[in-house]
Amino acid sequence: MDKKSSAKIIKFPEKKKSSGTEASVVNMAHRIDQLKTEKHLICEMAARTILQALDAKDNYTFKHSMRVCYFSMVMGRELKLSDRAMYDLQLAALFHDIGKIGTPDAILNKPARLNEEEFKIMKNHPQKSYEILSGFEVFQKAALYAKHHHERYDGRGYPDRLKGSKIPLFSRILLIADTFDAMTSTRAYRKGLPYSVAFRELIELSGSQFDPGLVKHFIKGMRKEESKKEKEFFVPLMNRYFDKKAA
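Using my numbering, the first residue of the sequence shown is number 2, and each one after it goes up by one.
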């Protein structure tokens, strides 16, 4: 596996010219690569449209998804994931909550904690995210990771009550990133926690809610980021998906 990690899009290599039957095969392969690239660009356009729709419906969830993406990239880089894996993780993080598009505004924008019935409705969003994303070929992996981003390490999560290593790795990463952002973000009904306090919460919940090894990698990576003046590897992602006024 390639150990270089970044959030860059994979580019198809150029094909060398040849002759005869070999040239025909190579040219055909090159055309297939072109079609794949065109399909990829179309899917990215669709992705931006979906994110814009999410932003219009619920700006908090939109910005939350961006922050979850950043936190996930921090962990991915700490784990030395390959370019391809980082890209898959990036997509999953950006769209993990896309299913909330189907959640009633009264629940999304409620200025207080959800009651039991409201929370039951909210718990449907991972499945809805899966249904939306699985309709795009390029999002097949992201769809699976998004579906399971609320599975707990001890098997008490949802929707399928998966446990431990049965939960996809990227779903375990998303759960940590998602929860960390929820802990540190200020809402109408509570103030966000300082990072240091949130780190302690993650450690206390390791082995029950979170994968203990991943929590260690996340905290290590975040402490490195805290020492930087600029999150340079994340800037292209923000420029690409953020509306300038939101960035």
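Virtual Cβ for every residue (Gly too), placed ideally from N, Cα, C.
On a predicted model such as this, the values are computed, not experimentally measured, just so you know.
Can you pull the DSSP bridge partners for residue i?
i, result
"residue 83", "According to DSSP, which records beta bridges pairwise, residue 83 is partnered with nothing at all."
Since residue i contacts residue j with CB under 8 Å, what's their CB separation in whole angstroms?
i, j, result
"residue 121", "residue 109", "With 8 Å as the limit, residue 121 and residue 109 do not qualify as a contact, their Cβ atoms being about 15 Å apart."
"residue 194", "residue 185", "6 Å"
"residue 178", "residue 96", "Rounded, the Cβ-Cβ distance is 13 Å, inconsistent with contact."
"residue 148", "residue 156", "Residue 148 to residue 156, Cβ: 16 Å. No contact."
"residue 114", "residue 190", "6 Å"
"residue 288", "residue 104", "The structure shown has nothing for residue 288, since the chain only spans 2 to 248."
Is the CB of residue i under 8 Å away from at least one CB in chain D?
i, result
"residue 148", "Here chain D cannot be found, since the structure has a single protein chain."
Rounded to whole angstroms, what is the Cα-Cα separation between residue i and residue j?
i, j, result
"residue 219", "residue 171", "13 Å"
"residue 209", "residue 133", "30 Å"
"residue 130", "residue 215", "24 Å"
"residue 181", "residue 55", "21 Å"
"residue 204", "residue 173", "14 Å"
"residue 228", "residue 192", "24 Å"
"residue 128", "residue 213", "26 Å"
"residue 79", "residue 87", "11 Å"
"residue 4", "residue 76", "Because residue 4 carries a pLDDT of 47, less than 50, the predicted location of this residue cannot be relied on, and no value is offered for it."
"residue 224", "residue 197", "10 Å"
"residue 49", "residue 61", "17 Å"
"residue 159", "residue 169", "13 Å"
"residue 89", "residue 143", "6 Å"
"residue 145", "residue 135", "8 Å"
"residue 153", "residue 167", "10 Å"
"residue 82", "residue 93", "15 Å"
"residue 217", "residue 84", "22 Å"
"residue 29", "residue 99", "At residue 29, the pLDDT of 48 sits below 50, so the modelled position is not reliable and the matter cannot be decided from this model."
"residue 22", "residue 139", "Note that residue 22 scores a pLDDT of 49, beneath 50, so its modelled location is shaky; the value from the coordinates is reported in the next line. Roughly 31 Å between the two C-alpha positions."
"residue 51", "residue 161", "26 Å"
"residue 150", "residue 112", "24 Å"
"residue 63", "residue 118", "24 Å"
"residue 46", "residue 201", "39 Å"
"residue 199", "residue 58", "28 Å"
"residue 116", "residue 70", "28 Å"
"residue 107", "residue 137", "29 Å"
"residue 226", "residue 188", "24 Å"
"residue 207", "residue 183", "17 Å"
"residue 53", "residue 221", "33 Å"
What span of residues does the alpha helix (DSSP H) with residue i cover, start to end?
i, result
"residue 130", "126–134"
"residue 101", "Neither: residue 101 is in no alpha helix (DSSP H) and is coded neither H nor E."
"residue 145", "141–148"
"residue 1", "Here the chain comprises residues numbered 2 to 248, so residue 1 is not present and cannot be evaluated."
"residue 137", "Per DSSP, residue 137 belongs to no alpha helix (DSSP H) and is neither H nor E."
"residue 118", "117–123"
Output the residue ranges of the alpha helix (DSSP H) runs that lie fully inside the stretch 160–219 and measure 4 residues or longer, sorted by chain position.
170–185 and 196–205
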